[in-house]
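Working notes, structure below.
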Amino acid sequence: MSSPVQLALGGPAGHALSAFRAAAATDPSAAGSLLHQAQTPAVITLVAGGVAMLVVLVGGTPWRRARNVVTIVHEAGHALAAVLVGRRLQGIKLHSDTSGVTVSRGKPEGPGMAFTAMAGYVAPSVLGLLFASLLGADLVGTVLVLIALLLLGVLVMVRNAYGVFTVVASAAVLALVAFVAPVEVQAPFSYLVTWFLLFGGVRPVAELQVKRRRGQARDSDADQLGRLTAVPPVLWVLVFAVATVSCLIAGGLWLLEPVAA
């Protein structure tokens, strides 16, 4: 009688497992070679990229859950921009509908306020691009350290219970990967997070424009930028779209370099 694991691994996965077992029985070195191939950067980046793309494109519950990560980075982008332009950061709130708000004090208009409002939607894609460059240089550990620093910085400034829960839950996953899971898990996790930021940075921009058409986002970042500048909000949405798609293309080329090699 087949075990649940065997039933779950039917089809191609089951054939792959059978092939690996056969190789292990007849030639241990061949089995080791198969395992090594499964851990190569080319395979890791393709699998991680495929999973991230499916989560973002298919949507539903997986996307709604994972979108909290995009919101954390979005609000962190606002917060970092506010600090860089000399505004006084008051706090961050993350909500269960995956929205968020970052409050800072300073001049209510001018280039500093505009830069702060602009930073949110591009932050996930820019961070994904940074991570892609680090992974291209084989700096997986640096990616994990930067994720930890990001979560710590947001946790210090978060001002509501759901926000604390979201950040702590994300930190718990990171801790499991960094300190409990085998070292072979760290690279796939880093690639998955990077691909998710690159793909996940694009979808919220499209969702923003859909909400704007329905009149549901009158106080969005794009609309705030429209009031702060002479540029219509729809053009700011276009700026977000160009920036996030450009980061996806550039980051994707970095990540897919092992595949082309």
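Taking our numbering, the leading residue of the sequence shown gets 2, the next gets one more, and so forth. Just so it is clear, CB atoms sit at the ideal spot from N, CA and C, and this is done for glycine as well. In this text the structure is predicted, and so the values were computed from the model without any measurement.
Backbone CA spacing between residue i and residue j [nearest angstrom]
| i | j | result |
| --- | --- | --- |
| Gly-121 | Ala-138 | 27 angstroms |
| Leu-257 | Val-44 | 10 angstroms |
| Leu-47 | Phe-197 | 13 angstroms |
| Trp-237 | Pro-205 | 14 angstroms |
| Leu-136 | Ile-250 | 15 angstroms |
| Gly-227 | Leu-239 | 12 angstroms |
| Thr-62 | Ala-231 | 38 angstroms |
| Leu-85 | Gly-129 | 20 angstroms |
| Leu-65 | Gly-111 | It is Arg, not Leu, that sits at residue 65 in the sequence shown. So the alpha carbons of these two residues sit roughly 34 angstroms apart. |
| Val-246 | Gln-91 | 31 angstroms |
| Gly-253 | Ala-133 | 8 angstroms |
| Ser-191 | Val-243 | 25 angstroms |
| Leu-147 | Leu-58 | 26 angstroms |
| His-75 | Pro-42 | 28 angstroms |
| Glu-208 | Val-186 | 32 angstroms |
| Asp-224 | Pro-109 | 14 angstroms |
| Val-165 | Met-158 | 9 angstroms |
| Asn-69 | Tyr-163 | 11 angstroms |
| Asp-220 | Val-102 | 11 angstroms |
| Val-260 | Arg-214 | 40 angstroms |
| Pro-234 | His-79 | 18 angstroms |
| Val-71 | Leu-177 | 20 angstroms |
| Gly-87 | Leu-229 | 18 angstroms |
| Val-181 | Thr-195 | 21 angstroms |
| Leu-36 | Met-54 | No answer about Leu-36 holds up, because its pLDDT of 41 lies below 50 and its placement is not dependable. |
| Phe-116 | Ala-170 | 30 angstroms |
| Gly-60 | Val-52 | 12 angstroms |
| Pro-183 | Leu-81 | 33 angstroms |
| Gly-216 | Phe-241 | 19 angstroms |
| Ala-9 | Trp-255 | Interpretation of Ala-9 is limited by its pLDDT of 32, a score under 50 that renders its predicted location unreliable; the figure taken from the coordinates is listed afterwards. Going by the C-alpha atoms only, they are around 34 angstroms apart. |
Test item: CB-CB of residue i and residue j under 8 angstroms
| i | j | result |
| --- | --- | --- |
| Lys-94 | Arg-160 | yes |
| Ala-172 | Ala-124 | no |
| Ser-222 | Ala-118 | According to the sequence as given, residue 222 is Asp; it is not Ser. Yes. Within cutoff. |
| Leu-199 | Cys-248 | yes |
| Ile-73 | Val-168 | yes |
| Ala-188 | Val-141 | yes |
| Leu-175 | Ala-149 | yes |
Contact belief for residue i with residue j at Cβ below 8 angstroms, rounded distance in angstroms
| i | j | result |
| --- | --- | --- |
| Gly-113 | Arg-89 | Their Cβ separation, rounded to whole angstroms, is 11 angstroms, which puts Gly-113 and Arg-89 out of contact at 8 angstroms. |
| Ser-126 | Gly-202 | 3 angstroms |
| Ala-49 | Val-56 | 11 angstroms between Cβ atoms; not a contact. |
(message) Within 8 angstroms, do at least three Cβ pairs link the region 91-107 to the region 143-153?
(response) no
(message) Extract the residue ranges of the alpha helix (DSSP H) inside the region 69-130, only unbroken runs of 4 or more that lie entirely within it.
(response) DSSP runs (the alpha helix (DSSP H)) wholly in the region 69-130: none.
(message) Give the list of continuous alpha helix (DSSP H) stretches no shorter than 4 residues that lie fully inside the region 175-207.
(response) 184-201
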